[in-house]
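All remarks here apply to the structure that follows.
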DNA sequence: GAAAAAATGTGAGCGGTGCTCTTGCTTTCG
DNA sequence: CGAAAGCAAGAGCACCGCTCACATTTTTTC
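Chains as they are written, first to last, in the working numbering: chain A, 1 to 257; chain B, 1 to 257.
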C-alpha cells in the first residue's frame, strides 16, 4: 500500500539482511504472526488437554477469531497435528543433540547416557508431546512421511553415528551377550542398512540389531514411565538409571572386557 | 466372573445349555443380551476405527436403538472404554497364559519365549486393543484402578512367578551383565517388593530390576512394531526374535554359563 | 388382582466439534 | 485505477456426549 517504499513492489522472496518482516506487506507480516500464534496456542492446549482434545474452534476462540477463520491458516485439524508433531520432533532432536554435544566425543558411555537422560527429561517436561510422537498413533490419521521423516529420524541419526564410533573404537559389546543369531539379524534388519542413514558407517546387521535392542530398551523405559504402565514406581529416576545402564551395555562393552 | 471366559471377547450371549437365563424374567434376560451386544459392537468399532473414534451414538445406531437409549446400559463413554480396557486385559492375559501353559515348566527359556511370542501375536491381531492398554493414555480419562488393577497385572503376575522359578533354579543371569548397581536397584524398585504380588517369591530388588529390564525390552519391542516407530522393517518377526532373545538374556543365564 | 415401583424406550434439546460455503471487505499487484 | 487475491464473519450441515421429560412395559408389593 505504501508507494514510498520502492522495494516493496520488488520480489519479496527472501534473503533480507535485517528486519525481514518489515519488508513484507502488512498482510504477509500478519500471516506469519497469526500462524505463530496458532501454533503457540495449540501447543498450550496440547500441554494441558492432550492431542485428542485439541480443538480448532478452541484455538480460534483463544485467538479472538471466528471458528471458520482459522481455516485460512490451517488446512485441517490433522494438518495442525502434523505441524505439532514436526515441531515436537525437532524440539526433541535439539534437546538430545545439545545434551550430547556437551560431553567429550571419546567418552562413549557418557554420550549414550546423555542421550538417554535428555530423552527422559524432555519426555517428562512435555509428556503430551512425547505421546504425540511415541505413543499410539492418532486413529484415522497418519503423519505424512515427507514431513516427519527427517525430524523423526534425527535422534536415530545421532545414535547411529554414536554406534559407529563405538564400533570404530572396538568397544562394541559381544553380540553373544544378547544371544544374537547373525543370520536372524541379517534377515531382520539387513535391508535397513541400505538406508542412506548408514551410508557413512561400517555397521553390519548384527551391530544394528544390538543398537536397536539398546534403543528399544531405552525408549521402552521412558514410555513405561511416562505412561505409568507399571503403576507408581518409588524412585523413577533410579529405576531409569538402571535401565539406562542396561541399554548401554547392549552396545558398549565395559572397559574391563 | 471367569477371567478367562472366552465369551468376554465379544461373542453374543446366547443362552447356554443349562439356561440360567431362563430363570430370569424377560427384562433381565434382555438386559444381559443388550449389554453383550453393546460390548460386541463397541469392539468392532474399536477394531476398525480406534478408541478415539468410538461413539456411543454409532453403537446405539448399529443396535437399532435411539442414541439416548444406550445410556440405560452404559454410564458414559468413559465407562464403556473402561469395560473395553478390562476386557482387553483379560483377553491378553488369557492368550499369554494359555501359550505359557503349553510348555514344560522346567524349560525356563521356552516359557519366557512363549510369553513374548503370545504377547506379540495378540498385539498384531488386535492392535487397537493393544494401543488401548499399552499406548498413550486417553486424555481426560483415567481407568479406575479398582477395575483395571487385577486384569492389568495378570501378565506381570505370571512373569513374576517365572522369574522366581528362574531364581529357584539358580539360572538368574549375572546382574553385572546389565551393569546393575545394587544400591540403585534397591532405591528404584525396593518398595515395589512390598506388593502382595511378590509375597510368595524370594526375589530381591536386583532380581526385580533385571526382570523389569527384560519386560521393558520385550514390551518396547512389541510397541515399536505395532506403532511402526521404526518405519517399515523388512522382517518384523526375525527382528522380534532377536529382541526376544535379548530380553530373555536379561533374566536367564545361558546354559553354558 | 390391583396398585405402586422400577426399568425401559422415545424424542427433543443443549452445547460442543470439524468443516464448507457465501457474503462482503481489504490488501496486493499488474 | 482496476482486477485479483487474501481475509473476516456468519450461517449452516452433520456429527458428538449427555440430559431431561414423557410414555410404555415389566416387576414387585400390597
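The beta-carbon is built from N, C-alpha and C at its ideal position, and this holds for glycine as well.
Source: prediction; values computed, not measured.
Going by DSSP, which residues form a beta bridge with residue i?
i: residue 267/A; result: Nothing about residue 267/A can be reported from this structure: the residues present for chain A run from 1 to 257 only.
Which residues in the same chain have their Cβ closer than 7 Å to the Cβ of residue i, if we skip the five residues on either side of it in sequence?
i: residue 207/B; result: 163, 167, 172
i: residue 151/A; result: 86, 89, 90, 93
i: residue 230/A; result: 224
i: residue 239/A; result: 233
i: residue 147/A; result: 82, 86
i: residue 128/A; result: 46, 47, 50, 51
i: residue 249/A; result: 173
i: residue 34/A; result: 73
Does DSSP put residue i in a helix, in a strand, or in coil?
i: residue 21/B; result: At residue 21/B, the pLDDT of 46 sits below 50, so the modelled position is not reliable and the matter cannot be decided from this model.
i: residue 179/B; result: coil
i: residue 192/A; result: helix
i: residue 65/A; result: coil
i: residue 225/B; result: helix
i: residue 53/A; result: coil
i: residue 272/B; result: Only positions 1 to 257 of chain B appear in this structure, which leaves residue 272/B out of reach.
i: residue 136/A; result: coil
i: residue 238/A; result: helix
i: residue 244/A; result: helix
i: residue 220/A; result: helix
i: residue 71/B; result: helix
i: residue 16/A; result: Unreliable placement is indicated for residue 16/A, whose pLDDT of 40 sits below 50; the coordinate value is still reported in the next sentence. Residue 16/A falls in the coil class under three-state DSSP.
i: residue 102/B; result: coil
i: residue 158/A; result: helix
i: residue 143/B; result: coil
i: residue 232/B; result: coil
i: residue 114/B; result: helix
i: residue 129/B; result: helix
i: residue 107/B; result: coil
Among residues of its own chain, excluding the 5 on either side of residue i, which ones have a beta-carbon nearer than 6 Å to its beta-carbon?
i: residue 258/B; result: No statement about residue 258/B is possible, as the shown extent of chain B runs from 1 to 257 and does not include it.
i: residue 130/B; result: 123, 226
i: residue 145/A; result: none
i: residue 70/B; result: 56, 60
i: residue 143/B; result: 82, 85
If contacts are defined as beta-carbon pairs under 8 Å, then residue i and residue j qualify, I think. What distance do you get, rounded to the angstrom?
i: residue 213/B; j: residue 246/A; result: 5 Å
i: residue 244/A; j: residue 169/A; result: About 20 Å; that fails the 8 Å criterion.
i: residue 160/B; j: residue 198/B; result: 6 Å
i: residue 73/A; j: residue 124/A; result: 31 Å between Cβ atoms; not a contact.
i: residue 242/A; j: residue 209/B; result: 5 Å
i: residue 78/B; j: residue 141/B; result: 5 Å
i: residue 177/A; j: residue 177/B; result: 7 Å
i: residue 42/A; j: residue 80/A; result: 6 Å
i: residue 135/B; j: residue 136/A; result: 3 Å
What residues in its chain sit with their C-beta under 8 Å from that of residue i, if we drop five residues either side in the sequence?
i: residue 133/A; result: 85, 88, 89, 92, 152
i: residue 66/A; result: 60
i: residue 110/B; result: 103, 104
i: residue 156/B; result: 197, 215
i: residue 180/B; result: 206, 209, 210
i: residue 203/B; result: 160, 163, 164, 167, 193, 211
i: residue 63/A; result: 34, 37, 38, 41, 70
i: residue 182/B; result: 175, 205, 206
- Query: When the Cβ atoms of the segment 211–228 of chain A are set against those of the segment 211–221 of chain B, are three or more pairs found closer than 8 Å?
  - Reply: Short answer: they touch.
- Query: Counting Cβ pairs closer than 8 Å, one from the segment 187–200 of chain B and one from the segment 234–249 of chain A, do we hit at least three?
  - Reply: Yes, since at least three Cβ pairs between the segment 187–200 of chain B and the segment 234–249 of chain A fall closer than 8 Å, the two stretches touch.
- Query: How do the segment 36–54 of chain B and the segment 108–123 of chain B stand: do at least 3 beta-carbon pairs fall below 8 Å, yes or no?
  - Reply: Touching, no.
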